[in-house]
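**Student:** For the sequence shown, my numbering assigns the number 23 to the initial residue and increments by one for each residue that follows.
Every residue, glycine too, gets a C-beta built ideally from N, C-alpha and C.
These numbers were taken from a predicted model, which means no experiment stands behind them.
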Amino acid sequence: MNFLSRSSEGVLLVATGRRHRNEAITAVPRIRPWLGGRPLWLLTDKPARVPAAAFDRVMPHPDPRRTYRDKITALLRLPFRRTLFLDSDVELLAPLDDVFKLLDVVDLVGCHAPVRSFQWRDPQVPEGVCELNSGVLALRSGRAQHRLVRRWLTTYDEVGVEVDQAALRSALWWAMQRGLRSWVLPPEYNLRTTKPWIAGAGMAVKVVHGRIPDSMRAPLAGYLNKDPSRFRASSAFPTGQNTAVAPWPPVAPQRLFVLGAGRSGTSLLAGLFRRSGLFMGEASPYKPRAANPLGFFEDREVNAINEDLLGPLVPPPLGEGQRWLASLPSSARVAITPELRRRIRTLLSRGPFCFKDPRFCYTLDAWIQELPEQERDQVQCLCVFRHPSVVVASILKEIGSAPYLEGLQLTAEQVLQVWEAHYQAVLKRQRSQGRWLFIHYEELLQPTGLARLEAFTGLELDHSIVDLSLRRSEAHIEATPTSLRLYRTLLDLAKCEEP
23 MNFLSRSSEG
33 VLLVATGRRH
43 RNEAITAVPR
53 IRPWLGGRPL
63 WLLTDKPARV
73 PAAAFDRVMP
83 HPDPRRTYRD
93 KITALLRLPF
103 RRTLFLDSDV
113 ELLAPLDDVF
123 KLLDVVDLVG
133 CHAPVRSFQW
143 RDPQVPEGVC
153 ELNSGVLALR
163 SGRAQHRLVR
173 RWLTTYDEVG
183 VEVDQAALRS
193 ALWWAMQRGL
203 RSWVLPPEYN
213 LRTTKPWIAG
223 AGMAVKVVHG
233 RIPDSMRAPL
243 AGYLNKDPSR
253 FRASSAFPTG
263 QNTAVAPWPP
273 VAPQRLFVLG
283 AGRSGTSLLA
293 GLFRRSGLFM
303 GEASPYKPRA
313 ANPLGFFEDR
323 EVNAINEDLL
333 GPLVPPPLGE
343 GQRWLASLPS
353 SARVAITPEL
363 RRRIRTLLSR
373 GPFCFKDPRF
383 CYTLDAWIQE
393 LPEQERDQVQ
403 CLCVFRHPSV
413 VVASILKEIG
423 SAPYLEGLQL
433 TAEQVLQVWE
443 AHYQAVLKRQ
453 RSQGRWLFIH
463 YEELLQPTGL
473 ARLEAFTGLE
483 LDHSIVDLSL
493 RRSEAHIEAT
503 PTSLRLYRTL
513 LDLAKCEEP
């Protein structure tokens, strides 16, 4: 893809995977009217699935990975001498002729990103060098551009986590020292709906960047550009930001319950809060092991209370410590004794907390009812899930290797019923009390998922615990239609697609 177009200027979208490919197709009518006749190209992993009339040209991606890497490799060899690259969730509200004009004198035009990566940053880059948002970039083809993108790709691969903008910042500083010329556009050229935003007085907004409902687009455009002489901000027109503004005075952390079927990511989810200041129990009674190399982040007393609550409902062969593998009907209700009530209240009285246990899928009601009535709706319930086939494979491996499960015999079909029972119980309970966030395990390994979790809880997470090598289990068990329907319901609640 080296100057395949006769046009000197054009727009490029890169979309790999069904979700982003469909998003790029639907974005065409929101982009093309403002291009002034410039061609609109798409680079994708499956060109045959794109309507021929949607783009001026559809090209196969040379090395699709379905990660941020795909946009970087696409920018190595540009299709136009002056190329404007846009993410598939971008909408134009005005022409961008001036951006192409800037490329007459600079090699790269980008937009300030008001964030810094928690996962990685290059210590050699001066703090005053901002990150650029990698979803709106204009590049002039040439040696400087190619060296920049090559360095960006190398840095991204070496870092080993998906921090494309932090890698771009590092590469940009390196390239600037070698002659690359760049320009940073004002925020009106990249209004990020997922972040708290402000548009300055005196300029219309030209680019809206983010996934918002179609019903919001026209009202938002009217608010932004009907009277650009005034300041406009997300505080007046919320756009579903996944990052919260720090409140003042500070708000006390909410009480957190982490739940989900066992082997679905509850330990990683709880571990993200290990440095949040929340009470998570006494020193962890369970040492890290192969199944959970980062630790379990559980409290023995929490587990013991839940075991005692479930005891009367769970028949053999499941015994003490094994009741997280119970398969109970969603109508099952635990009976709480005065002694169990006392023990629960003792833990709840420890102040702001984060308690994790897969058994909460069945016992959560008993815990919430012991909180003061005015606090029950403020409880935050974090439910993590994975594809049922992956969870079943992981549980069967645990049964075959963990000493405390020695002698237990469960078939794949029985374990699949365990998975279904846990989430059926969750769906019934989530309609009653508390604030709920459903999140896929894979989202916990991505910056966007972590940002969503931070926005929901208002707490800063410990990103250092995230390890992409934790993607270990593979699906070898065929899921039932019931489990797949339930899984799709969870995906809808999490507002995500199958990773």
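Taking only the alpha-carbon atoms, compute the straight-line gap between residue 333 and residue 355 and give it to the nearest angstrom.
**Tutor:** 12 Å
**Student:** Contact check, residue 300 vs residue 278 under 8 Å by CB: the rounded distance?
**Tutor:** 7 Å
**Student:** What's the C-alpha gap between residue 160 and residue 113?
**Tutor:** 16 Å
**Student:** Extract the residue ranges of the beta strand (DSSP E) inside the segment 312–381, only unbroken runs of 3 or more that lie entirely within it.
**Tutor:** 376–378
**Student:** Rounded to the nearest angstrom, what separates residue 243 and residue 115 at their Cα positions?
**Tutor:** 7 Å
**Student:** Let me know the beta strand (DSSP E) ranges lying completely inside the segment 117–167, each 3 residues or longer, listed in chain order.
**Tutor:** 130–135, 158–162
**Student:** Tell me, please, whether the segment 380–387 touches the segment 344–362 by the rule of three or more beta-carbon pairs shorter than 8 Å.
**Tutor:** yes
**Student:** Within 10 angstroms of the Cβ of residue 361, are there 16 or more other Cβ atoms? Answer buried if so, exposed if not.
**Tutor:** exposed
**Student:** Determine the closest residue to residue 357 out of 108, 327, 338, 157, with distance taken between C-alpha atoms.
**Tutor:** Nearest option by C-alpha distance: 327.
**Student:** With a floor of 4 residues, list each alpha helix (DSSP H) that falls wholly inside the segment 212–266, ordered by position along the chain.
**Tutor:** 236–247
**Student:** Specify the secondary structure class of residue 24 as computed by DSSP and reduced to three states.
**Tutor:** The predicted model places residue 24 with a pLDDT of 46, which falls under 50 and marks its position as unreliable, so this point remains unresolved.
**Student:** If you draw a straight line from the alpha carbon of residue 170 to that of residue 196, how long is it in whole angstroms?
**Tutor:** In a straight line, the C-alpha of residue 170 is about 8 Å away from that of residue 196.
**Student:** Consult DSSP for residue 204 and reduce its assignment to one of helix, strand or coil.
**Tutor:** Three-state DSSP puts residue 204 in a strand.
**Student:** Please list the segments of the beta strand (DSSP E) lying wholly inside the segment 30–63, counting only runs of 3 or more residues, in order along the chain.
**Tutor:** Runs of the beta strand (DSSP E) spanning 3 or more residues and lying entirely within the segment 30–63 occur at 31–37, in chain order.
**Student:** If residue 131 and residue 207 are in contact, beta carbons under 8 Å, what's the gap, nearest whole angstrom?
**Tutor:** 6 Å
**Student:** Go ahead and label residue 426 buried or exposed: buried means 16 or more other beta carbons lie within 10 angstroms of its beta carbon, across all protein chains shown.
**Tutor:** exposed
**Student:** Determine the contact status of residue 65 and residue 81, defining contact as a CB-CB distance below 7 Å.
**Tutor:** Cβ distance < 7 Å, so residue 65 and residue 81 count as in contact.
**Student:** Using a 10 Å radius around the Cβ and a threshold of 16 neighbouring Cβ atoms, would you call residue 199 buried or exposed?
**Tutor:** exposed
**Student:** Quick check: what's the CA-CA separation for residue 209 versus residue 39?
**Tutor:** 29 Å
**Student:** Quick check on DSSP: helix, strand or coil for residue 457?
**Tutor:** strand
**Student:** Expressed to the nearest angstrom, what Euclidean distance is found between the alpha-carbon atoms of residue 367 and residue 451?
**Tutor:** 20 Å
**Student:** Could you check if residue 191 is buried or exposed, using at least 16 other CB atoms within 10 Å of its CB as the buried criterion?
**Tutor:** So residue 191 ends up on the buried side.
**Student:** Based on DSSP bridge pairs, tell me the residues matched to residue 281.
**Tutor:** Residue 281 is bridged by DSSP to 405.
**Student:** Under a three-way DSSP split, which group does residue 181 fall into?
**Tutor:** helix
**Student:** Apart from the five residues just before and just after residue 372, which ones in its own chain have a Cβ nearer than 8 Å to its Cβ?
**Tutor:** 301
**Student:** State the CB to CB distance for the pair residue 155 and residue 187, rounded to an integer number of angstroms; the pair is presumed to be in contact (CB under 8 Å).
**Tutor:** 7 Å
**Student:** Taking 8 Å as the threshold, find out whether the segment 246–256 comes into contact with the segment 135–145 through three or more Cβ pairs.
**Tutor:** no
**Student:** Can you tell me whether residue 93 is buried or exposed? The criterion is at least 16 other CB atoms within 10 Å of its CB, across all chains shown.
**Tutor:** buried
**Student:** Less than 7 Å between C-beta atoms, sequence neighbours within five positions excluded: which residues of the same chain meet that for residue 37?
**Tutor:** 43, 45, 46, 64, 66, 110
**Student:** Identify the residues that DSSP records as bridge partners of residue 302: which are they?
**Tutor:** None, per the DSSP bridge assignment.
**Student:** Who does residue 66 pair with in a DSSP beta bridge?
**Tutor:** 37, 82
**Student:** Note the first and the last residue of the continuous beta strand (DSSP E) segment covering residue 108.
**Tutor:** 104–108
**Student:** Secondary structure at residue 521, three-state DSSP: helix, strand or coil?
**Tutor:** coil
**Student:** Determine the direct distance from the alpha carbon of residue 137 to that of residue 56, and round the result to whole angstroms.
**Tutor:** 29 Å
**Student:** Can you give me the Cβ contacts of residue 225 inside the same chain, cut-off strictly under 8 Å, excluding the 5 residues immediately before and after it?
**Tutor:** 208, 210, 250
**Student:** Excluding the 5 residues preceding and the 5 following residue 219 in the sequence, name in chain order all residues of the same chain whose CB lies nearer than 6 Å to its CB.
**Tutor:** 213, 256
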